[in-house]
Amino acid sequence: MSTLVAASAGNVLVWIVWVVAVFSCLGSGIAVITFSNPFYSALALIGNLGSLAVMYLLLSAEFVAAAQVLVYAGAVVVMFLFVIAYVGPRRETPWSGGPSWQTVGAVGAAGALLVEIVVAVGMQANGSLHSDGRVGAAFGTPAWVGRVFLIDHLLAFEITSVVLLIAAVGGVILGSHTRRTA
Amino acid sequence: MSEPWWISIIKAVVIVNIVLGLFAYLTLIERKVMGRMQLRYGPNRAGPYGLLQPIADLVKLVRKEAFAPSSAIELPYILAPIVSAFTAIAAFAFIPWGPGWTVHGWRINGEVANVSIGLIAIFALGSIGIYGFIVGGWASESKYSILGSMRTCAQLVSYEVSLALSVLGVVILGRSLNLPEIVARQGSWLPYAAPEFIGLVVFFFGGIAETSRAPFDLPEAEQELVAGYHTEYSGMRWGLFQMAEYINLITLSGLMVTLFFSGWHGPWDIGPIWFVLKTMAVLFVFIWLRTTLPRLRYDQLMRFGWKILLPVATVNAVVTALLVVAF
Numbered sequence: 001m002s003t004l005v006a007a008s009a010g011n012v013l014v015w016i017v018w019v020v021a022v023f024s025c026l027g028s029g030i031a032v033i034t035f036s037n038p039f040y041s042a043l044a045l046i047g048n049l050g051s052l053a054v055m056y057l058l059l060s061a062e063f064v065a066a067a068q069v070l071v072y073a074g075a076v077v078v079m080f081l082f083v084i085a086y087v088g089p090r091r092e093t094p095w096s097g098g099p100s101w102q103t104v105g106a107v108g109a110a111g112a113l114l115v116e117i118v119v120a121v122g123m124q125a126n127g128s129l130h131s132d133g134r135v136g137a138a139f140g141t142p143a144w145v146g147r148v149f150l151i152d153h154l155l156a157f158e159i160t161s162v163v164l165l166i167a168a169v170g171g172v173i174l175g176s177h178t179r180r181t182a
Numbered sequence: 183m184s185e186p187w188w189i190s191i192i193k194a195v196v197i198v199n200i201v202l203g204l205f206a207y208l209t210l211i212e213r214k215v216m217g218r219m220q221l222r223y224g225p226n227r228a229g230p231y232g233l234l235q236p237i238a239d240l241v242k243l244v245r246k247e248a249f250a251p252s253s254a255i256e257l258p259y260i261l262a263p264i265v266s267a268f269t270a271i272a273a274f275a276f277i278p279w280g281p282g283w284t285v286h287g288w289r290i291n292g293e294v295a296n297v298s299i300g301l302i303a304i305f306a307l308g309s310i311g312i313y314g315f316i317v318g319g320w321a322s323e324s325k326y327s328i329l330g331s332m333r334t335c336a337q338l339v340s341y342e343v344s345l346a347l348s349v350l351g352v353v354i355l356g357r358s359l360n361l362p363e364i365v366a367r368q369g370s371w372l373p374y375a376a377p378e379f380i381g382l383v384v385f386f387f388g389g390i391a392e393t394s395r396a397p398f399d400l401p402e403a404e405q406e407l408v409a410g411y412h413t414e415y416s417g418m419r420w421g422l423f424q425m426a427e428y429i430n431l432i433t434l435s436g437l438m439v440t441l442f443f444s445g446w447h448g449p450w451d452i453g454p455i456w457f458v459l460k461t462m463a464v465l466f467v468f469i470w471l472r473t474t475l476p477r478l479r480y481d482q483l484m485r486f487g488w489k490i491l492l493p494v495a496t497v498n499a500v501v502t503a504l505l506v507v508a509f
């Protein structure tokens, strides 16, 4: 009986954390694209990435959660802030909405993506979303993630790293080209 | 072997207070040690040997007017020191103080939070703490503050890479990111400082840069930037930034002891005391360096970080991995 009470109390806590994380994720996501000051947008992005990390934690993917905070909230957004602070305070809005067909197209594309995700997840899950996920104690640990990346899906992992390398080389080429012509 | 939640809370309160006390007296120790090294006495007026100096400092800071520049951006300006201080204290939850004990049948672990990703969690909290420094400088709307923030930003991003790569060797040897497991694997007689000496040196340099201490204290170079990102802060808000910096230093020393000097292990069974003694020894070296070395130039700092420290850390990690696989 006492374990049942403890379990339901734990469930209530999980629900509260989930609701808070979901709403702060949505709220900060909307804040990112509505703030006129890019510095505030970047700060909202930290909140967005942080609440995503909380949701990963609820899915017992603790390594992914920590990596999310360390890499995206920690390193990537710091670079954003660096650039924004370097360019300086710019009070006027940098982009005040393009032609109206762009807005309509963006909303349409986002809606299509949402439907696609819902359909894909629904088909993939095939009714198993009603029951709790059955994951072992090792799930989400660094060792588990390492096995999935470096043994089960090695080819996809390596191809992704090549894509990132190409992006880095492209950045260097674009940067050096501008310097030469200027 | 899990402990009840109320023991965790008691332990968290105790450890937070130990760390805060350590911070308060670290400021005194630093001023005393620097004073003796420069043939001065250091603070010696408040209490015997100046032992009440931290309390006098605290009373002064709390009673001081917390003024803010009229152009400062209110909310981020106030939140920034809180974020930095909070993440600094929270990071200490993952560092093990002892092997764990059983008192009256209750299990007490040697650390507050035992998670499989302790090491990454400490780095992640540290990277969130950086935002306090950056946002605080930006929200002050002052040229000196923003320059200090930019320097903090560039320096911390540059040296974070080397710092993370330098502990990779220890992670490979310890086969875990869980700090209690890494300590248990080292045992009393083979601290990882011996096989991972290069990793230790890189971690040490990276750590000085991450905590912005001399000779890498360019973000707060007082001759150039008044005080860097916290120029426009006063009273206890400034105190919180100072607290964040010193606790980051204590956490870094504790992490160094945990990863390279076998944590709480020692000849006698006095776990937490060994841990504190080793941490104090590392802190002493940090203070010693501050009085000994002059500040680097900015280009020297960047060149050292990217062209020397990063390649050395990378080669060290690769060689360690090869050796571990080979033997």
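Chain order of the listed sequences is C and D. Under this note's numbering, the residues of the first sequence are numbered 1 to 182, in order. Under this note's numbering, the residues of the second sequence are numbered 183 to 509, in order. Just so it is clear, CB atoms sit at the ideal spot from N, CA and C, and this is done for glycine as well. What you are looking at is a predicted structure, and each value in this text was computed from that prediction instead of being measured.
By the Cβ rule, the region 270-277 of chain D counts as touching the region 300-318 of chain D, because three or more pairs are nearer than 8 Å. Contact annotation for Ile46 of chain C against chain D: Tyr313 [CB-CB distance below 7 Å, chain order]. Look at the beta carbons and you see the region 401-415 of chain D not touching the region 282-293 of chain D: under three pairs across the two are nearer than 8 Å.
Contact with chain C is found for Trp320 of chain D, since one of that chain's Cβ atoms lies less than 8 Å from the residue's Cβ.
When secondary structure is reduced to three states using DSSP, Val297 of chain D falls in the coil class, being assigned neither helix nor strand. Ranked by Cα distance from Leu208 of chain D, the first of D:Arg245, D:Lys193, D:Arg357 and D:Gly232 is D:Gly232.
At a cut-off of 4 residues, not a single continuous stretch assigned as alpha helix (DSSP H) sits fully inside the region 143-174 of chain C. Pairing Pro263 of chain D with Leu154 of chain C, the inter-Cα distance amounts to about 43 Å. A Cβ of chain D is located within less than 8 Å of the beta carbon of Thr141 of chain C.
Relative to the Cα of Ala376 of chain D, the nearest Cα in the group D:Leu355, D:Phe249 and D:Leu471 belongs to D:Leu355. Between Gly388 of chain D and Tyr341 of chain D, the gap from beta carbon to beta carbon is short of 8 Å. Using a Cβ distance threshold of 8 Å, Phe385 of chain D and Met438 of chain D count as a contacting pair. Taking 8 Å as the threshold, the shortest C-beta distance from Phe35 of chain C to chain D does not fall below it. Between Ala303 of chain D and chain C, the shortest Cβ-Cβ separation is below 8 Å.
Spanning the alpha carbons of Asp152 of chain C and Val507 of chain D requires a straight line of approximately 20 Å.
Short of 8 Å from the beta carbon of Leu422 of chain D, and not among the five residues preceding or following it, lie these beta carbons of its own chain, in chain order: Pro263, Ile264, Ser266 and Ala267. By a beta-carbon distance limit of 8 Å, Leu243 of chain D does not contact Ile432 of chain D. Their separation comes to about 19 Å.
For Leu359 of chain D, the nearest beta carbon of chain C is closer than 8 Å to its own beta carbon. When the five nearest sequence neighbours on each side are left out, the beta carbons in the same chain lying within less than 7 Å of the beta carbon of Glu363 of chain D are those of Gly356, in order along the chain.
In the DSSP assignment, Ile290 of chain D falls within the beta strand (DSSP E) that extends over Trp288 to Ile290. With a 10 Å radius around the Cβ and a threshold of 16 neighbouring Cβ atoms, Leu492 of chain D comes out buried. Between Val439 of chain D and chain C, the shortest Cβ-Cβ separation is not below 8 Å. Look at the region 363-395 of chain D and you find these whole runs of alpha helix (DSSP H), each 4 residues long or longer: 379-392.
The beta-carbon distance between Pro278 of chain D and Val365 of chain D, rounded to whole angstroms, is 6 Å. This is short enough to meet the 8 Å contact definition. Contact between Val297 of chain D and Glu62 of chain C holds, since their C-beta atoms are separated by about 6 Å, short of 8 Å. Distance from the Cα of Thr334 of chain D is smallest, within the candidate group D:Ser309, D:Val464 and D:Ser358, for D:Ser309.
Residue state for Val408 of chain D is assigned as coil, using DSSP reduced to three classes. In the three-state reduction of the DSSP assignment, Trp283 of chain D falls in the strand class. Taking the beta carbon of Val297 of chain D as reference, the chain C residues within 7 Å of it are Glu62, listed in sequence order.
Residue range Glu62 to Ala67 is occupied by the alpha helix (DSSP H) that includes Glu62 of chain C.
Rounded to the nearest whole angstrom, the C-alpha separation of Ala137 of chain C and Ile200 of chain D is 33 Å. The Cβ of Ser190 of chain D sits no closer than 8 Å to any Cβ of chain C. Boundaries of the alpha helix (DSSP H) harbouring Lys460 of chain D: Gly453 to Thr474, taken from the DSSP string.
Using beta-carbon distances, Val148 of chain C does not count as an interface residue toward chain D, since no partner is under 8 Å.
What Ser309 of chain D touches in chain C, judged by beta-carbon distance under 8 Å, is Val69, Leu70, Ala73, Gly74, Ala75 and Val78, going in chain order. DSSP places Gln337 of chain D in the helix class (H, G or I) of the three-state scheme.
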